[in-house]
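Residue numbers (the numbering used here): 9 to 469. Built from N, CA and C at the ideal position, the CB exists for glycine as well.
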Amino acid sequence: MGKKLNITEVVLRDANQSQIATRMPRSDFEDILETMDQAGYYSMEVWGGATFDSCLRYLDEDPWERLRFIRSKVKNTKLQMLLRGQNILGYRHYSDDTVRAFVRKSVENGIDIIRIFDALNDPQNMATAIDECLKAGGHAQGTICYTISPIHTFESYVELGKKLEEMGCNSICIKDMAGIMSPQVCYDLVSALKKNVSLPIYVHSHSTTGLGPLTLLKAAEAGADGIDTAISIFSGGTSHPATESLVYTLEEMGFDTGVDLKVCQKINDHFKPVQARFLKEGGLNPSVLTTKIEALNYQIPGGMLSNLIAQLTAAGKLDKLDEALIETPKVRADMGYPPLVTPMSQMVGTQAVTNVLTGERYKMISKEVKAYCRGEYGHSPAPISEELMKLALGDEKPIEGRYDDTIEPEIPAAKAYLGDLAESEEDVLSYVAFPQQAEAFLKERREKKALKVEYTIQEAE
Ligand code: CO
Numbered sequence: 009m010g011k012k013l014n015i016t017e018v019v020l021r022d023a024n025q026s027q028i029a030t031r032m033p034r035s036d037f038e039d040i041l042e043t044m045d046q047a048g049y050y051s052m053e054v055w056g057g058a059t060f061d062s063c064l065r066y067l068d069e070d071p072w073e074r075l076r077f078i079r080s081k082v083k084n085t086k087l088q089m090l091l092r093g094q095n096i097l098g099y100r101h102y103s104d105d106t107v108r109a110f111v112r113k114s115v116e117n118g119i120d121i122i123r124i125f126d127a128l129n130d131p132q133n134m135a136t137a138i139d140e141c142l143k144a145g146g147h148a149q150g151t152i153c154y155t156i157s158p159i160h161t162f163e164s165y166v167e168l169g170k171k172l173e174e175m176g177c178n179s180i181c182i183k184d185m186a187g188i189m190s191p192q193v194c195y196d197l198v199s200a201l202k203k204n205v206s207l208p209i210y211v212h213s214h215s216t217t218g219l220g221p222l223t224l225l226k227a228a229e230a231g232a233d234g235i236d237t238a239i240s241i242f243s244g245g246t247s248h249p250a251t252e253s254l255v256y257t258l259e260e261m262g263f264d265t266g267v268d269l270k271v272c273q274k275i276n277d278h279f280k281p282v283q284a285r286f287l288k289e290g291g292l293n294p295s296v297l298t299t300k301i302e303a304l305n306y307q308i309p310g311g312m313l314s315n316l317i318a319q320l321t322a323a324g325k326l327d328k329l330d331e332a333l334i335e336t337p338k339v340r341a342d343m344g345y346p347p348l349v350t351p352m353s354q355m356v357g358t359q360a361v362t363n364v365l366t367g368e369r370y371k372m373i374s375k376e377v378k379a380y381c382r383g384e385y386g387h388s389p390a391p392i393s394e395e396l397m398k399l400a401l402g403d404e405k406p407i408e409g410r411y412d413d414t415i416e417p418e419i420p421a422a423k424a425y426l427g428d429l430a431e432s433e434e435d436v437l438s439y440v441a442f443p444q445q446a447e448a449f450l451k452e453r454r455e456k457k458a459l460k461v462e463y464t465i466q467e468a469e
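Take a look at the structure:
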C-alpha cells in the first residue's frame, strides 16, 4: 500500500457554487447520495459557503433539512462544511452567541468537519468557531487563505499554521480560492508547514488559471494529507481539478486514495444530465469552463473578475475595465493587503470600481469599507493606508480591542421577534444569518402547512 492521500469531493458545495452559482436543488442529487457514500472519499463537502443563503433565497429549501437529508443517506463518509469564521455564512461579523449556536447546530445536524476560515487570516476571527466546534465534538479544520502580496510570506503562513495548531485545530487547510498558487509554491508551502506543524495538511485549489491539477499533484508530492476535487463533469474552469483524473494519476504514482473509479463513473453519469440541463437553461455560463490566465496576471479570483465586468456593464462603462483592473490592487494595498475572498473580494472590487467611475479615489467610500477601517472585520494583514483611514473615518478613532465583544447577543431578540414562526433553534439561526430571506421562507412554509391542513380536512369529509 502506498501513502494514504485523502480525497474530498466538493461537487455539492464548491463546484456547485463555482460553476452554477449554488443553484443545484436537492432533487438533482438525492438519488446519488448513497452511491457517493460508497466511493471511498475521505469526506464530502456538502454545506456552508453560499449553500445556506442559496437554499433560502433561490431554492425554497430549508438548508438545515437539506443537511439532515444528506446525513440520512451518507452514513459512512464524513460530511464537511465551509464556515467564514465570525461571519458564519454571511458577510458581517455576528455575535459570539450566534457563532457558537450555529456551529453546535451544524454538528448536531450532521456535519463532521468544519473548515473555518477568515478573509483576513486573523486567528481571532476563527477562535470562537474553532473552540465551539471542538466542544461540540466536531473536527475543526483551521484555514490559511493563500494570497500573493509583499507581506504574505512563507514565514507568515507558517506562523499562522502554528497558531492554528495552538488553538486546538485537528487539521489545516491551505485554501487557494483564486487558483493562483503555483505548483512549486504549493510544494514549498506544504513542505514548510509539514516541517513546523504536526497536523494533517489539506490543499484546496481551483482550476481557474489552469494551475489547479498541477498544484494538487505537487501538494501530494510534498506530503499533503488530502486534496479537494470535483467529479469530472462539474470540474475545470472556475471549479476544481477532476476527481477521476487526480485519483488515476495519484494511484499510478503509488498513492492510496481509497477512491473507487468505477463508483466515480456512476456518480459522473448521474451528474451528466444535470450539467447538461444547467448549460441548456443558461444556469451554467460556458465562459466559466475555460482557463482564465487573467486571474494569474491580475491575481484576482475569477468570480471577482466577473463581478467587476458586471458592475461596469451595468454602469455602461465597460471601457473602464483596464482602469478598474489597475485600480483593484491599489485599493487592496491601501486596505492592508486583505486576501481576496468573501467578503473582502466584494469590498475591494466595489471600491475600485467606484474609484474609477467617480474619477476620484475614495470620493465615495462604501459603508463596509468604513466598517473595515473602524476594525469591525478584525485586524488587517498590514496597516491600512493613512490616506484611506483619514478619508473613511475623519476624526473618528478605530475600535480598540475585539469588535465582536461589543456585539449584543442576537439570538434572544430574534426569538422574541419570530415568535411561533420559528419552530426550532435552527429556524432562529436562519433568521439571524439572513433575516429577510429566512422570514420570507418561514412565512411561506407556514402558509403551505395551513394549506395542507385544509386539504387534509377536505379529504376526510
Ligand atoms: Co473554493
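Pair within 7 Å by beta-carbon distance, S215 and G234: no
Simplified DSSP state of N14, which is helix, strand or coil: The DSSP-derived three-state label of N14 is strand.
Exposure of R21, with buried meaning 16 or more beta-carbon neighbours within 10 Å: Around the beta carbon of R21, 16 or more other beta carbons sit within 10 angstroms, so the residue counts as buried.
Distance, E455 Cα to R92 Cα: 33 Å
Where I373 sits in the DSSP three-state scheme: Per DSSP, reduced to three states, the secondary structure at I373 is coil, with no helix or strand assignment.
G386 and N129 closer than 7 Å at C-beta: no
Spatial distance of Y210 from P221 (CA atoms): 14 Å
Contact set, the ligand CO heavy atom to C-beta under 6 Å: With the cut-off at 6 Å, the residues found are D22, M185, H212 and H214.
Residues that S472 bridges to, as DSSP identifies them: Outside the modelled stretch of the chain, which goes from 9 to 469, sits residue 472, for which no answer is possible.
Sheet register partners of A341 (DSSP bridge): DSSP, once it has assigned bridges, lists no residue as partnering A341.
Pairwise C-alpha distance: P281 and E376: 41 Å
Buried versus exposed, by CB contacts within 10 Å (16 or more), G344: buried
Cβ neighbour criterion (16 or more within 10 Å) applied to Q273: exposed
Backbone secondary structure at L224 - three-state DSSP: helix
Contact belief for A186 with P309 at Cβ below 8 Å, rounded distance in angstroms: So it is a contact: roughly 4 Å between Cβ atoms.
Residue of A400, D412 and M355 minimising C-alpha distance to S103: D412
Neighbour-count burial assignment, M372, 16 or more Cβ in a 10 Å radius: exposed
Residues near F5 in its chain [Cβ-Cβ closer than 6 Å; skip 5 each side]: The first residue shown for the chain is 9 and the last is 469, placing residue 5 beyond what the model contains.
Stretch-stretch touch, CB-based, cutoff 8 Å, three pairs: the stretch 111-121 with the stretch 299-313: no
V54, DSSP secondary structure in three states: Three-state result, V54: strand.
C-alpha gap between A200 and D120, whole angstroms: 27 Å
Limits of the unbroken beta strand (DSSP E) element including D236: G234 to T237
C-beta neighbour in chain B for E368, strict 7 Å: The structure shown contains no chain B; it holds only a single protein chain.
Helix, strand or coil at M397 according to DSSP, with G and I counted as helix: helix
Check whether D45 and N84 have beta carbons under 7 Å apart: yes
Outcome for K405 when other beta-carbon atoms lying within 10 angstroms are tallied against a minimum of 16: exposed
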